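Undergrad: Going by mature numbering (1 follows the signal peptide of the UniProt record, and there is no 0), the letters in the sequence shown line up with residues -24 to -1, 1 to 345, in that order. Starting off with a structure, shown below.
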Amino acid sequence: MTMWRFPAIAVIGFLLVVPATALATQQNESSATSTTQGDVIRLREDAPREYVVKKGDTLWDISEMFLSDPWLWPELWRVNDDIANPHLIYPGDRLYLSWVNGRPQLSRKAYRAMTPEGKIEPKGNPIPTFDLSELEPFLDGFHVLSEADLQNVPQILGDNRGAPRINGMTPVFVEGNVEVGEHYRVYARIEQFADMHLLRDVGGMRINMQHDRTAEGDLIDPAREIRRGDVVMARQALDLPDIIVPKSGANVDGTIVASLNSREKHGKYDVMVIDRGSDDGVEVGQMFQALRPGTAIFMDEEVPEAANLYKPYDDLSRRWRETLNLPPQATAEMLVLKTYAKASVVMVVDAQEWFEVGAYFVPKQIAAN
């Protein structure tokens, strides 16, 4: 689990979470569906009654002061209709926690500074949802392309040594549409899912000369091994909005197909890739949850017995034995940071246990209580 902190979203909520559920069973069985009720969100016991927003704060920093589930902060603001643009909070603003009709409510006293001439100074920029400097290594260092798009981008042919690995000591040749004098990034394929490829930034390249069918250039600060077949593209924009408001996930399920953290086990604040994107209705800010399949119980014994699906016999015997599948269990909540046509990048905002690439996910429904 990543131990560094992710600053990012804002302040409190009070709501009921109703996780949508539907977990596909394994080994060619049909999907099993169940519905569970979430718990009412509680304020942290040490939540302050008053807080002054400071420069460098993020909405997530402040949210974690008040909520056990900080991504649910929009519900608290919705209770208070008197707040204009509730997601815009500025350094110097004073936040007050109170209770109205049994519900927590956050109110805000805006900070106003006066010039020597007696005019109100401009507020400047509101605090962001995320500290982009923390997210940049993940969102700027990776890219997702379809198989069709991958065939149309320039690729590295190698150098005149003929080796598959390129050391950068001699000029490197590229096939494709590039411009002399321009700087590009080199991306290596690291994962494929369906017809999509996850690419990692492995270094830079400057184009120096154009030939008939190829271009020639030099590698710049290679961070990882560069090989023949790696692709060359202009640096991709981070393209992350300053304010991300969490909302219920689109009505789709799927699989976590890759990790940007290069570990086997994953937890809170790790960044993952799911196999659903904008073509499926997924949007930035939507919430999803990873599920662990429920245990299969053999009910035809005097004492019920848990099946061990890692044993081939137990797995096969489910086909004829009386078997009860326990409901699936949520293991993590994920927030969508960036979408592509058929994939999305998500951040794990909470995890009840470690989980792995390949886990099943469903939409997380957020409804006011």
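Quick reminder that beta carbons are idealized off the backbone N, C-alpha and C, glycines included. Everything numeric in this text was worked out from a predicted model, so none of it was measured.
For SER238, count neighbouring Cβ atoms within 10 angstroms of its own Cβ and tell me buried if that reaches 16, exposed if not.
TA: By one-based count along the sequence shown, residue 238 stands at place 262. So SER238 ends up on the exposed side.
Undergrad: Note the first and the last residue of the continuous beta strand (DSSP E) segment covering ASP125.
TA: For the purposes of this step, residue 125 is identified with residue 149 of the sequence shown, where counting begins at 1. First-last for ASP125: 123 to 126, but that is the alpha helix (DSSP H), not the beta strand (DSSP E).
Undergrad: So which of ARG204, ALA124, ILE142 and PRO67 has the shortest CA-CA distance to ASP171?
TA: Here residue 171 refers to the residue found at position 195 of the sequence shown. If you compare the alpha carbons of ARG204, ALA124, ILE142 and PRO67 with that of ASP171, the shortest gap goes to ALA124.
Undergrad: Alpha carbon to alpha carbon, how far is PHE274 from LEU126? Give it in angstroms, no decimals.
TA: Start at 1 with the first residue of the sequence shown, and residue 126 comes out as number 150. Start at 1 with the first residue of the sequence shown, and residue 274 comes out as number 298. Distance between LEU126 and PHE274, taken at the CA atoms: about 48 Å.
Undergrad: Nearest CA to the CA of VAL120: which residue from LEU82, ALA335, ALA213 and LEU43?
TA: In the sequence shown, the residue the question calls residue 120 occupies position 144. Cα-wise, what sits closest to VAL120 is ALA213.
Undergrad: Helix or strand or just coil, what does DSSP make of residue 346?
TA: Not covered by the structure: residue 346. The range shown for the chain is -24 to 345.
Undergrad: Apart from the five residues just before and just after ASN4, which ones in its own chain have a Cβ nearer than 8 Å to its Cβ?
TA: Taking the sequence shown and counting its residues from 1, the one referred to as residue 4 is at position 28. The predicted position of ASN4 is uncertain, since its pLDDT is 34 and thus under 50; a value taken from the coordinates is nonetheless stated next. Cβ within range, chain order: n/a, list empty.
Undergrad: What's the call for LYS340, buried or exposed, on a 16-neighbour Cβ count within 10 Å?
TA: By 1-based counting over the sequence shown, the position of residue 340 is 364. It counts as buried.
Undergrad: Please state the DSSP three-state secondary structure of LEU267.
TA: Taking the sequence shown and counting its residues from 1, one reaches residue 267 at position 291. Here DSSP, grouped into helix, strand and coil, assigns LEU267 to strand.
Undergrad: Touch check for the region 191 to 199 and the region 228 to 245: three-plus C-beta pairs under 8 Å?
TA: no
Undergrad: Compare the Cα-Cα distances from ARG203 to each of ARG211, ALA139, MET209 and VAL129 and report the closest residue.
TA: Residue 203 sits at position 227 when you count from the first residue of the sequence shown. That would be ALA139, whose Cα lies nearest to the Cα of ARG203.
Undergrad: Quick check: the Cα distance between ALA317 and VAL324, rounded to an integer number of angstroms?
TA: Taking the first residue of the sequence shown as 1, we reach residue 317 at position 341. Taking the first residue of the sequence shown as 1, we reach residue 324 at position 348. Near 21 Å, if we compare the C-alpha coordinates of VAL324 and ALA317.
Undergrad: To the nearest angstrom, how far is it from the Cα of GLU151 to the Cα of GLY179?
TA: Taking the first residue of the sequence shown as 1, we reach residue 151 at position 175. Taking the first residue of the sequence shown as 1, we reach residue 179 at position 203. Rounded to whole angstroms, GLU151 to GLY179 spans 17 Å at the Cα level.
Undergrad: Check whether the region 100 to 112 touches the region 34 to 41, counting contact only when three or more Cβ pairs, one atom from each stretch, lie closer than 8 Å.
TA: Yes, they touch.
Undergrad: Less than 6 Å between C-beta atoms, sequence neighbours within five positions excluded: which residues of the same chain meet that for ILE183?
TA: Mapped onto the sequence shown, residue 183 falls at position 207. Excluding residues within five positions, the ones whose Cβ falls inside 6 Å are VAL154, VAL156, GLU158, ALA191 and GLY193.
Undergrad: Check whether the region 251 to 264 and the region 212 to 229 are in contact - that is, three or more C-beta pairs closer than 8 Å.
TA: As far as the Cβ criterion goes, the region 251 to 264 touches the region 212 to 229, which means the pair count is three or higher.
Undergrad: Can you list the beta strand (DSSP E) stretches of 3 or more residues lying completely in the region 101 to 142, in chain order?
TA: Counting only runs that start and end inside the region 101 to 142, the beta strand (DSSP E) elements of at least 3 residues fall at 118 to 122 and 131 to 134.
Undergrad: Could you give the residue range of the alpha helix (DSSP H) that holds PHE42?
TA: Taking the first residue of the sequence shown as position 1, residue 42 is located at position 66. Unbroken alpha helix (DSSP H) run through PHE42: 35 to 42.
Undergrad: From the DSSP secondary-structure annotation, give me the bridge partner or partners of VAL338.
TA: Here residue 338 is taken as the residue at index 362 of the sequence shown, counted from 1. BP columns for VAL338 point to GLN265.
Undergrad: Across which residues does DSSP place ARG161 in a beta bridge pair?
TA: Sequence index remark: in the sequence shown, residue 161 carries index 185 (1-based). The partner list for ARG161 (beta bridge, DSSP) reads GLY180 and MET209.
Undergrad: Is it buried or exposed, THR146, if we count other Cβ atoms within 10 angstroms and call 16 or more buried?
TA: Reading the sequence shown from its first residue, position 170 is the one you call residue 146. Exposed.
Undergrad: Quick check on the DSSP output: the beta strand (DSSP E) that includes LYS314 runs from which residue to which?
TA: Locating residue 314 in the sequence shown gives position 338, counting from the first residue. Counting along the chain, the beta strand (DSSP E) containing LYS314 begins and ends at 305 to 315.
Undergrad: In whole angstroms, what is the alpha-carbon distance linking ALA(-17) and TRP47?
TA: Taking the first residue of the sequence shown as position 1, residue -17 is located at position 8. Taking the first residue of the sequence shown as position 1, residue 47 is located at position 71. The pLDDT assigned to ALA(-17) is 39, lower than 50, so where the model puts this residue is not dependable; a value taken from the coordinates is nonetheless given after this. Whole-angstrom Cα-Cα distance: 9 Å.
Undergrad: Taking Cβ to Cβ, would you say LEU64 is nearer than 8 Å to PHE42?
TA: Against the sequence shown, residue 64 aligns to sequence position 88. Against the sequence shown, residue 42 aligns to sequence position 66. It is not a contact, given that the beta carbons lie outside the stated cut-off.
Undergrad: Determine the direct distance from the alpha carbon of VAL162 to that of VAL207, and round the result to whole angstroms.
TA: On the sequence shown, position 231 is the one that residue 207 refers to. On the sequence shown, position 186 is the one that residue 162 refers to. Cα to Cα, the separation comes out at about 6 Å.
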